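Enquirer:
2 protein chains.
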Amino acid sequence: MTYGCLASMKTRPGFREEVASILLSAAEGLREAGCDSYVVGLADEDDTTIWVTEVWKTKEHHDASLELPGAKEAIGRAMPLLTGEFTNQELSVAGGLGL
Amino acid sequence: MTYGCLASMKTRPGFREEVASILLSAAEGLREAGCDSYVVGLADEDDTTIWVTEVWKTKEHHDASLELPGAKEAIGRAMPLLTGEFTNQELSVAGGLGL
Chain A
1 MTYGCLASMK
11 TRPGFREEVA
21 SILLSAAEGL
31 REAGCDSYVV
41 GLADEDDTTI
51 WVTEVWKTKE
61 HHDASLELPG
71 AKEAIGRAMP
81 LLTGEFTNQE
91 LSVAGGLGL
Chain B
1 MTYGCLASMK
11 TRPGFREEVA
21 SILLSAAEGL
31 REAGCDSYVV
41 GLADEDDTTI
51 WVTEVWKTKE
61 HHDASLELPG
71 AKEAIGRAMP
81 LLTGEFTNQE
91 LSVAGGLGL
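Chains as they are written, first to last, in UniProt numbering: chain A, 1 to 99; chain B, 1 to 99.
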């Protein structure tokens, strides 16, 4: 099975759209790094929560991607806009549509 | 923005693989129903939790899909294998890879 993760983060008020744009700018180039799916979603229940769901060929591909210059640059831009409240759920991906 | 949801369910002990297979069998035909992504994942932290992440063209497409014969049949087969503990998070999907 492939590796997946469901992550949430909270932005400072008024910065959710900007953080989502930063995350999406980093999505370019993820496929060649071993990513099969990367979805950025805005929680309907509040104005500050972002959910990111990812599917990778292996956990090692995911971990290595965090060291890519584009990822590091995006993380650096996003971090000051976040509150520091994160969750992360790791998954073994059984399959699906769009992978 | 398109519609997304992150749902979790808990299976009775020993039935997680079977429920995942049922969910994946229902994935066939979802694309023509308006689904852009459907990922079935098994939580790493226990042996009974399944996460399903979905992206649909609209919420109406999602809701209508639950009435499809294949979906109803799959739900009917899966329900006796579940504990009844569900979570659901609705999202506005900002974008991503694999959509």
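We treat Cβ as the ideally placed atom computed from N, Cα and C, and that holds for glycine. Since this is a predicted model, take the numbers as computed values, not measurements.
Which residue or residues does DSSP assign as beta-bridge partners of A/Lys10?
Expert: The count along the first sequence starts at 1 and reaches residue 10 of chain A at position 10. Beta-bridge pairing links A/Lys10 to A/Thr49.
Enquirer: Skipping 5 residues on each side, what residues in its chain have a beta carbon closer than 6 Å to that of A/Gln89?
Expert: Residue numbering aside, residue 89 of chain A sits at position 89 when the first sequence is read from its first letter. Only Leu6 meet the Cβ criterion.
Enquirer: Express the C-alpha separation of B/Met79 and A/Leu30 in angstroms, rounding to a whole number.
Expert: To locate residue 30 of chain A, count along the first sequence from 1; it is residue 30. To locate residue 79 of chain B, count along the second sequence from 1; it is residue 79. Their backbone Cα atoms lie some 36 Å apart in a straight line.
Enquirer: Cutting at 8 Å between CB atoms, please list the residues of its own chain near A/Leu66, excluding the five before and the five after it.
Expert: By one-based count along the first sequence, residue 66 of chain A stands at place 66. Within the same chain, A/Leu66 has close Cβ partners Lys72, Ile75.
Enquirer: According to DSSP, what are the bridge partners of B/Phe86?
Expert: For the purposes of this step, residue 86 of chain B is taken as the residue at position 86 of the second sequence. B/Phe86 is bridged to B/Met9.
Enquirer: From what residue to what residue does the beta strand (DSSP E) around A/Leu42 run?
Expert: Looking up residue 42 of chain A in the first sequence gives position 42. 35-43 is the span of the beta strand (DSSP E), which, as asked, contains A/Leu42.
Enquirer: Counting beta carbon pairs with one atom in the stretch 4-19 of chain A and one in the stretch 40-56 of chain A, are three or more of them shorter than 8 Å?
Expert: Yes, the stretch 40-56 of chain A touches the stretch 4-19 of chain A.
Enquirer: Where does B/Leu23 sit, in a helix, a strand or coil, going by DSSP?
Expert: By one-based count along the second sequence, residue 23 of chain B stands at place 23. B/Leu23 falls in the helix class under three-state DSSP.
Enquirer: Using beta carbons (cut-off 8 Å, strictly below), is A/Asp36 in contact with chain B?
Expert: For the purposes of this step, residue 36 of chain A is taken as residue 36 along the first sequence, with counting starting at 1. Yes, contact with chain B.
Enquirer: Assign A/Thr2 to one of two classes, buried (16 or more other C-beta atoms within 10 Å of its C-beta) or exposed (fewer than that).
Expert: Indexing the first sequence from 1 puts residue 2 of chain A at position 2. By the 10 Å Cβ count, A/Thr2 comes out buried.
Enquirer: B/Glu90 versus chain A: which residues are under 7 Å apart at the beta carbon?
Expert: Position 90 of the second sequence, counted from the first residue, corresponds to residue 90 of chain B. Asp44, listed in chain order.
Enquirer: For A/Ala20, return the contacting residues in chain B, with the cut-off set at a CB-CB distance below 7 Å.
Expert: Locating residue 20 of chain A in the first sequence gives position 20, where the first residue counts as 1. Within 7 Å Cβ-Cβ: Ala94.
Enquirer: Counting C-beta neighbours from all protein chains within 10 Å, is the total for B/Lys10 16 or more, i.e. buried, or is it exposed?
Expert: As a working note, residue 10 of chain B is residue 10 in the second sequence. By the neighbour-count rule (16 or more Cβ atoms within 10 Å), B/Lys10 is buried.
Enquirer: Check each residue of the stretch 2-32 of chain B: if its Cβ is closer than 7 Å to any Cβ of chain A, include it; give the result in chain order.
Expert: The residues in question are Gly4, Leu6, Ala20, Leu24, Ala27, Leu30, Arg31.
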